[in-house]
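Presented below is the structure to which this report refers.
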Amino acid sequence: LVFAQRRIWFHKNYFWKRHSIPAISMASALTTLLLLLALSAAAVSAQRNFTIVRYLNVTTTQGPIRGAVIETKGSGDKNMVHIGSFLGINFAKVPTGEFRFAHPVFTKWDFVQDVLDFDRRCYQDPGASGDYQTMSESCIAANIWTPYNGTSSNPGSYPVLVWIHGGRFETGSIIEEINSGRVLTAHESIVTVSLQYRLGVLGFLRLSSTVAPGNMGLKDQALGLEFVHKNIERFGGNLQTVTLMGLDAGAAAVGYHMLNDNTKTYFKRAVMLGGSPMVFWSVRQSTTDVERLHAKFAREKLNCDPDRLGLDEALKCLRQVGPEALINAQKEFIKDFQGIEFPPVIDGDYIKEDPVVALRGLRFEPKQLIIGFTNSEAATYVESSLRDKGWSKEDLQDPAKYRSVIEDNFRTYEREPDIMSTAARKFMTDRFTSFSNPSAEVNFRRWLDAASDRLFVCAANEFADLSTRVTGQSVDIYFYVFSEQDNTPNYVGASHGSDAYYFFGNPTDDAPIVSPEQAQLSVRMMDYLSRFVATGDPVPRDNDGVWAKFNISQKYYHNFTADSSAGYNIKYGFHRDDCGFWDKTLKYVNSLQSTALAPAPEDVPKVRVVRDVHTNLTLNEAGICDNVVNATTLAIMIPLLISNVALLGALVWLLIKYNSLG
């Protein structure tokens, strides 16, 4: 039962949360999904599949700490190994009082700090991760697991992996066994570090550039990377092999750290799982909009009005509010606005310019990279959306219901909070609904694939393409798709986060609910990952199982599955045509007509309509070709093109007439 709880908790709780209110857009549905029917995370984090053997002291730049040597299962059926375990290293000052809503600073101590166990999450919605009793503002911390050779770790000898958890910058923690580096370190003899950072309102409130400046959670991560840089050799780590890895929001953060002039020097390689800095939900373009929105939050939910009190007094007011009250207010605020209300912002400091603009402008230094996702990233999102409506899959057989689902869930384009034009919305809806008598299962799969592409897949594809354009063949890039079926009801493929579950070796601990083949797949994925961390080349030690490099002309990816009948695991171009629709075709249509569907609510930053500046694209350049256009598409496109040609003709006639008059 415990193993089953751990597995189910991961899929239902790690990324998504859900309120009991209707979804009205992709972003709003995503935000609400993070509250999805969570099991108690305390029960998950309480599992300890190891024994403390002795204590182990290390002196860090911040002060001395006492961890433990633990005995745990290593590679092989019954091979027990010893590793060092240091849990809950609080390297930053507790962000309370004057340090709340401020950038983090290092702390120092002269006593021996025990880091034997860690059970504190950063404050977040308790519906997603347990109750408030497991949370604290004293939560900025690192966990470190290191190989142990019997006396002490060999300085500078082991590869280093640093992990940033996901949760859309609103939920998640490093205290769950699911995010533990224990198994990975025991199996692969690498140093594994996990970082915990402030979330939601406490991590990303932005009132101005100097008062509650935002991005505090990202700065927590950056300070953690600096701590690793200064200290990892004392834990046996090789400073020249540091790899930064993250899932969903953590993967986006990896990209932000790549773009930052300081933190990009703290790691050599990157791994992005189920996310990238290109995903539309990971950052807000307009800092002014965020400041107005957060001022509204302070005024209406907490009576700390910046306009009435002034910024400094409003900040004092907010610092006097208890953390639980802040999170409760955040929950109510998200219900009101149905969006990503406390995101990272382009502050001109840590994130100096829009990451998407910087990346598309090739203004970044790529690193050796593994990037990928599962084959059904949005499975939990789609299933939860059905439950919220009180529907089952069979309801999708109804054309009206299915069309309403597509219209409701894909209202914004290309970036939040931009509303899709009328023409583009009709064009998009018809693409996914204009089929003769489809089954409910077909409609469900079509919706699932569209949501997965929009939320995760296409952004990862584009980031990999851009990295190749910058580097040519000078930096190696490896792409993967994780396709192993979830061991949960309503099998739909591999859902969000399943890849991380296997990369961290959890199936080797979860023997009662996984097959031997799945456990072996996890062992091989740990091998691939550790070899990449050590050398930049994910070739397993036995050289069995080639992972072909990704490049701009040969978009190879490795298909991870336990099914030995699946055949050769190197495949080509996952959902490339579908992403051509989202990234090129729909963008072109959206630029032809810009009438928004709805005005912005009163006192909320005005909704902008995205316009593609490259309106001179040919149909072929826009990705409008046989593999992405059906009869319905042409029926919509032809009148639009004719109307634009007619408009151009009228303008030319007026110009000629004007010149003749002159």
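Using the UniProt record's numbering, you'd call the opening residue of the sequence shown number 1 and step up by one each time.
No residue lacks a Cβ here, since even glycine has one placed at the ideal position from N, Cα and C.
Predicted model, so just to flag it, every value in this text is computed and none were measured.
Residues of its chain near residue i, where Cβ-Cβ distance is below 7 Å and the 5 sequence neighbours each way are ignored
i, result
"Gln240", "Lys268"
"Val53", "Val69, Ile70, Glu71 and His82"
"Ala358", "Leu259 and Phe364"
"Val94", "Glu137 and Ser138"
"Leu218", "Ala253, Tyr256, Pro344 and Tyr350"
"Phe227", "Phe91 and Ala142"
"Cys579", "Asp453, Val457, Cys458 and Asn461"
"Ser392", "Leu386"
"Ala249", "Gly166, Gly167, Arg168, Phe169, Gly275 and Ser282"
Helix, strand or coil at residue i according to DSSP, with G and I counted as helix
i, result
"Tyr350", "coil"
"Thr210", "coil"
"Leu362", "coil"
"Ser276", "coil"
"Ile70", "strand"
"His82", "strand"
"Phe194", "Looking at the sequence provided, one finds Ser at residue 194 rather than Phe. If DSSP states are grouped into helix, strand and coil, Ser194 belongs with the strands."
"Lys268", "coil"
"Ala141", "strand"
"Tyr557", "strand"
"Ala38", "Only weak support exists for where Ala38 lies, its pLDDT of 33 falling under 50; the coordinates are left without a value."
"Tyr413", "coil"
"Gln62", "coil"
"Ile174", "coil"
"Ile24", "Residue confidence is low: Ile24 scores 36 on pLDDT, short of 50, so the model does not pin down where it sits. Its coordinate-derived value is still stated next. Coil, per DSSP."
"Tyr158", "strand"
"Val345", "strand"
"Ile164", "strand"
"Ile419", "strand"
"Thr595", "For Thr595, the predicted structure reports a pLDDT of 45, less than 50, and the residue's modelled location is therefore unreliable. The matter cannot be settled from this model."
"Val604", "Confidence is the limiting factor: at Val604 the pLDDT is only 39, short of 50, which leaves the residue's position unreliable, though a coordinate-based value still follows. Reduced to three states, the DSSP call for Val604 is coil."
"Lys401", "helix"
Neighbourhood of residue i by C-beta distance below 6 Å, restricted to the same chain and skipping five residues each side
i, result
"Gly156", "Glu233 and Asn238"
"Asn375", "Val481, Ser483, Gly493 and Ala494"
"Lys230", "Thr61"
"Pro304", "Per the sequence shown, the amino acid found at residue 304 is Cys instead of Pro. Ala298, Ala314, Cys317 and Leu318, listed in sequence order."
"Asn57", "Arg66"
"Arg198", "Cys122, Met216, Gly217 and Asp220"
"Val112", "Pro64 and Arg66"
"Leu223", "Ala92 and Pro104"
Close Cβ partners of residue i (< 8 Å) along its chain, the five nearest in sequence each way excluded
i, result
"Arg541", "Asp527 and Arg531"
"Val115", "Ile65, Arg66, Gly67, Phe86, Leu87, Gly88 and Ile89"
Opening and closing residue of the beta strand (DSSP E) in which residue i lies
i, result
"Gly246", "Gly237 to Leu247"
"Gly372", "Gln368 to Thr374"
Alpha helix (DSSP H) segment containing residue i, residue limits
i, result
"Phe432", "Thr422 to Thr433"
"Leu315", "Leu311 to Arg319"
"Thr51", "From DSSP, Thr51 is part of no alpha helix (DSSP H) but of the beta strand (DSSP E) over Phe50 to Thr59."
"Pro507", "Asn506 to Asp509"
"Trp447", "Ala440 to Ser452"
"Lys389", "Ala379 to Lys389"
"Ser515", "Run containing Ser515: none; DSSP gives neither H nor E here."
"His294", "Thr287 to Leu302"
"Arg541", "No alpha helix (DSSP H) holds Arg541; DSSP gives it neither H nor E."
"Asn231", "Met216 to Asn231"
"Ala548", "Segment: none, Ala548 is in no alpha helix (DSSP H) and carries neither H nor E."
"Thr134", "Per DSSP, Thr134 belongs to no alpha helix (DSSP H) and is neither H nor E."
"Leu199", "That residue, Leu199, is in no alpha helix (DSSP H); it is neither H nor E in DSSP."
"Ala186", "Arg182 to Glu188"
### Message
As an exercise, report each continuous alpha helix (DSSP H) stretch of at least 4 residues that is fully enclosed by the segment 84 to 130, in chain order.
### Response
Those alpha helix (DSSP H) runs which fall completely within the segment 84 to 130 and span 4+ residues are 126 to 129.
### Contact the segment 265 to 282 vs the segment 450 to 462: 3+ CB pairs below 8 Å
yes
### Message
Using 8 Å as the cut-off, can you tell me whether the segment 320 to 335 makes contact with the segment 115 to 124, which would need three or more C-beta pairs spanning the two stretches below that distance?
### Response
yes
### Query
Does the count of Cβ pairs from the segment 429 to 439 and the segment 340 to 359 closer than 8 Å reach three?
no
### Query
So, do the segment 343 to 351 and the segment 241 to 260 have three or more beta carbon pairs nearer to each other than 8 Å?
yes
### Message
What ranges does the beta strand (DSSP E) occupy inside the segment 467 to 503, keeping only unbroken runs of at least 3 residues that lie completely in it?
### Response
477 to 482
### Query
Which runs of the alpha helix (DSSP H) fall wholly inside the segment 565 to 593 and span at least 4 residues, in chain order?
576 to 580 and 586 to 592
### Task
Would you be able to state if there are at least three C-beta pairs under 8 Å between the segment 99 to 107 and the segment 284 to 297?
no
### Message
Using 8 Å as the cut-off, can you tell me whether the segment 500 to 519 makes contact with the segment 387 to 398, which would need three or more C-beta pairs spanning the two stretches below that distance?
### Response
no
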